[in-house]
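The listed protein sequences correspond, in order, to chains A and B.
The C-terminal position of the first sequence is numbered 423 in full-length UniProt numbering, with every residue numbered one higher than the one before it.
The C-terminal position of the second sequence is numbered 226 in full-length UniProt numbering, with every residue numbered one higher than the one before it.
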Amino acid sequence: MKLLHYTSLRHLLFASLLTLISIPVFYILLNNIFVHSIDRDLRMQAAQLPSTLSIIQTEADLRLWQELDNDLEIKPFDSVHFIGKPFTIEKKPANGQEMEDFRILQKKVQIMGKPYVVGIESSMFEKEDLIQAILIIQLGILLLLLAGTVVINYMIHKRIWRPFYKSLSYLKAFNIDSNSNQQPEVLKILEFKELSSSIKQLSIRVRQAYYSQKEFIENASHELQTPLTVLKFKLELLLQDRNLSNEQGSLVADMYREIDQMQQLNSNLLLLSKIENKQFGSEETVEVEPLIEEVSEDLALLAQSKNQQLKVVSCQVPVVLAGTNKALFKIMVGNLLTNAIQYSATGSIIAIKLSANRLQISNPGSPLGVPADNIFKRFVRHNKQKGNGLGLSIVQTIASYHGYSVSYDYLDGRHQFTITWAS
Amino acid sequence: MKILIVEDELELAKSIQQYLQRENYLCEIAADISQGRQMIEDFTYDCILLDINLPEGNGLTLLKELKQDKKTDAVIIISARDALEDKILSLKLGADDYLAKPFHLAELCARVEAVIRRRYLQGESTLNFEDIVIDTLARSASVSGQQIQLTKTEYELLLFLMINKGRVITKNAIAEHLLGGSALYLDNFDIIYAHIKNLKKKLLTMGGCIKTIYGTGYKFSASTVK
């Protein structure tokens, strides 16, 4: 749920609840006030009744009065049920068709010495109208308030949270390797200022740690290079010793082989670091097909050692890629091919399929023992094969360095690697 | 033949010196640029092995000076950096070859030999050992005057062994010479063994020159010597 929706929903709920509760409460309150004021009027009228009615001196006066004044209802005391307090009844007014509410106050008076009940009535017709109007206005105000709250909330949200969303998009786009996306400046709100500066600090620290780690790998690999080479040279010299027995020679040769492996591992780590540190230019234009032929040529003996065939299926048009580092491209293709040779059985056919926007290298083999996502990770090896587990990691690094995507599929008993570039 | 090794890692330089030093090879060592510069001025070398990473700066400056002075010494650049730009730049500046660390001494020896042959023995493109003659121009070989048919791989193998004659060559070095970096991924050295076997067969009477050193590799030496 988005932050805006979360807050808006709560505002909306509160406003709706307020409206729902306030309408009946308001109605009851207004009604009471109105009735109260009518009652007061009625009572005031009633208080003046004795003096007003004192002009009735005869029966004829009374009849005349009853005919003329519709507001006053004078009845003999015993013919009506007397209620001391004002009350409301519903009846048809004299000149109207519809039923209306009337407020009536009955008062006991002495006319010509006889007790009479005088009912004073007041129409509540106006009250209904008034309450209705007031309620409509009230409802309108509430609705406006509601809409205003939502709109203001929305606008404030947009403005206030803008730095937050900028920080968020900064974090989303954060790439530990590139320094390109600069954190936007946030000025007004303290919390966001702090957030922004914390993010800035954090990214600086993370980058520092990352770079120092990378630097360490590069330095370590570099520093290891010379001692390893010295060691290897010494062993190579030792092998020249005529007095070396077969067993000793064999031991030295084993050590020699291990050092070779170690050096290769070292070189690969160094290569990875250098690519990641962008120490390679990429402004060459590469014609892919001859390059693939070249790499296949280089690997022909390795394939031959397993009696395998490298089969290139090319598209008819030449594929030319600009902005490429030729040497790195060769390493990428070479590593994929080496991988294919390594992981397929003797006598297999390794297919290299080139089309305008991608290169596919596939080889037969049983399904992977490790999750497919893992194969590009460093030092992940299947079945303890030869090599140092960096080949595919280098492939991925080179591909992303050039902006290509690389993927792995297992289809019809074949492992398939695809490198895709924008054609 | 005089060879100068300009290399600040003394142990490396000494190993190279020890490996290359033979009857007709004289190796000298310069530990830094200024010493190297001095020695190049004072003497003439057939081949200079020049390290790029030197304490005072880039070894390539020495190469530039050499070319400016129109010296004819052959130069092989040795770089620990393995930077592909270095290789291109070195060759552009007039280096005869470029070798990235890590390498095998046998490989270095082959490169030195090749460079010297290319530069100084232009009229004489053949390499002799007893009855075996290799013509490096025609890329062919003959035994006792009889031309033998070698595949490209067998030819490379024979040349490599012959240049490193009298030395034990590990299977690793051979594999790397033939297969390059992909040698690391060989499951076994059967393919080397197969090629050696074929080569020995084709060398006829001289096949005995290639001796198998148990557990280690091969050695090319006089067929008569045990």
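Just so it is clear, CB atoms sit at the ideal spot from N, CA and C, and this is done for glycine as well.
Note that this is a predicted model, so its numbers are computed, not measured.
Whole-angstrom distance between residue j and residue i, CA atom to CA atom
i: A/Y256; j: B/G180; result: 17 Å
i: B/I132; j: B/K165; result: 12 Å
i: B/K67; j: A/Y408; result: 50 Å
i: A/L239; j: B/A110; result: 18 Å
i: A/L269; j: B/F160; result: 30 Å
i: B/D135; j: B/S182; result: 28 Å
i: A/D61; j: A/P86; result: 27 Å
i: B/V115; j: A/K214; result: 38 Å
i: A/T397; j: B/F43; result: 47 Å
i: A/N266; j: A/I217; result: 10 Å
i: B/A141; j: B/T151; result: 11 Å
i: residue 227 of chain B; j: A/R378; result: Only positions 1 to 226 of chain B appear in the structure, and residue 227 of chain B is not among them; the question remains open.
i: B/L63; j: A/R358; result: 42 Å
i: A/T7; j: A/L143; result: 18 Å
i: A/R205; j: A/A422; result: 35 Å
i: B/R37; j: B/I163; result: 29 Å
When the options are compared against residue i, the one with the closest alpha-carbon
i: A/S362; options: A/L336, A/E236, A/G84 and A/I137; result: A/L336
i: A/A340; options: A/T324, A/Y401 and A/G365; result: A/G365
i: A/K127; options: A/L30, A/F216 and A/P115; result: A/L30
i: B/L184; options: A/T338, A/L13 and A/S54; result: A/T338
i: A/I137; options: A/Y27, A/T88 and A/L42; result: A/Y27
i: A/G369; options: A/L354, A/Y343 and A/P227; result: A/Y343
i: A/K91; options: A/I111, A/S122 and A/V109; result: A/S122
i: A/A303; options: A/F233, A/I350 and A/S282; result: A/I350
i: B/L105; options: B/S140, B/K171 and B/Y193; result: B/K171
i: B/E41; options: B/L89, B/C47, B/A13 and B/K71; result: B/K71
i: A/M124; options: A/L237, A/S212, A/I352 and A/I104; result: A/I104
Beta strand (DSSP E) segment containing residue i, residue limits
i: B/A30; result: L26 to A30
i: B/K2; result: K2 to V6
i: A/S362; result: R358 to P364
i: A/E100; result: E100 to I111
i: residue 433 of chain A; result: The first residue shown for chain A is 1 and the last is 423, placing residue 433 of chain A beyond what the model contains.
i: A/G84; result: Careful: A/G84 lies outside any beta strand (DSSP E) and carries neither H nor E.
i: B/N128; result: T126 to F129
i: A/P163; result: Taken as a continuous stretch (DSSP letters only), A/P163 belongs to no beta strand (DSSP E), being part of the alpha helix (DSSP H) at R162 to A173.
i: B/K71; result: Unbroken run through B/K71: none, as it is neither H nor E.
Cut-off 6 Å between Cβ atoms - residues of its own chain near residue i, not counting five sequence neighbours on either side
i: A/K107; result: A46, L49 and V118
i: A/N307; result: T346 and G347
i: B/K219; result: V168, K211 and I213
i: B/D73; result: Y45 and I48
Close Cβ partners of residue i (< 8 Å) along its chain, the five nearest in sequence each way excluded
i: A/V320; result: T285, V286, E287 and V288
i: B/K226; result: With a pLDDT of only 42 at B/K226, under the threshold of 50, the placement of this residue in the model should not be trusted; the figure read from the coordinates follows. Cβ within range, chain order: n/a, list empty.
i: A/I189; result: I160 and P163
i: B/E107; result: L99, A173, E176 and H177
i: A/I56; result: L62, W65, I111 and M112
i: A/P76; result: K114, P115, Y116 and V117
i: A/I199; result: S167, Y170, L171 and Q183
i: B/N53; result: D8, G59, S79, A80 and R81
Sequence-distant residues of the same chain with beta carbon closer than 7 Å to residue i, five excluded per side
i: A/K413; result: The sequence given here has Gly at residue 413 of chain A, not Lys. These residues qualify, in order along the chain: P364.
i: B/L178; result: T153, E156 and L157
i: B/K200; result: G207 and I210
i: B/L20; result: I3, C27, C109 and V112
i: A/A209; result: none
i: A/V295; result: K330, V333, G334 and L337
i: A/P367; result: Y410
Where the alpha helix (DSSP H) containing residue i begins and where it ends
i: A/F329; result: K326 to Q342
i: B/H177; result: K171 to L179
Proximity test, residue i beta-carbon vs the ligand FMN heavy atom, cut-off 7 Å
i: A/R242; result: As for the ligand FMN, it is missing from this structure, which has no ligand bound.
The stretch 191-199 of chain A contacting the stretch 208-228 of chain A, beta-carbon criterion three pairs below 8 Å: no
Contact the stretch 29-38 of chain A vs the stretch 156-174 of chain A: 3+ CB pairs below 8 Å: Taking 8 Å as the limit for Cβ pairs, the verdict is that the stretch 156-174 of chain A does not touch the stretch 29-38 of chain A.
Inter-stretch contact at 8 Å, needing at least 3 Cβ pairs: the stretch 310-318 of chain A / the stretch 387-400 of chain A: no
The stretch 291-301 of chain A in contact with the stretch 246-262 of chain A per 3-pair CB rule at 8 Å: no
At least 3 beta-carbon pairs within less than 8 Å: the stretch 53-60 of chain A vs the stretch 153-168 of chain A: no
The stretch 23-42 of chain B in contact with the stretch 1-9 of chain B per 3-pair CB rule at 8 Å: yes
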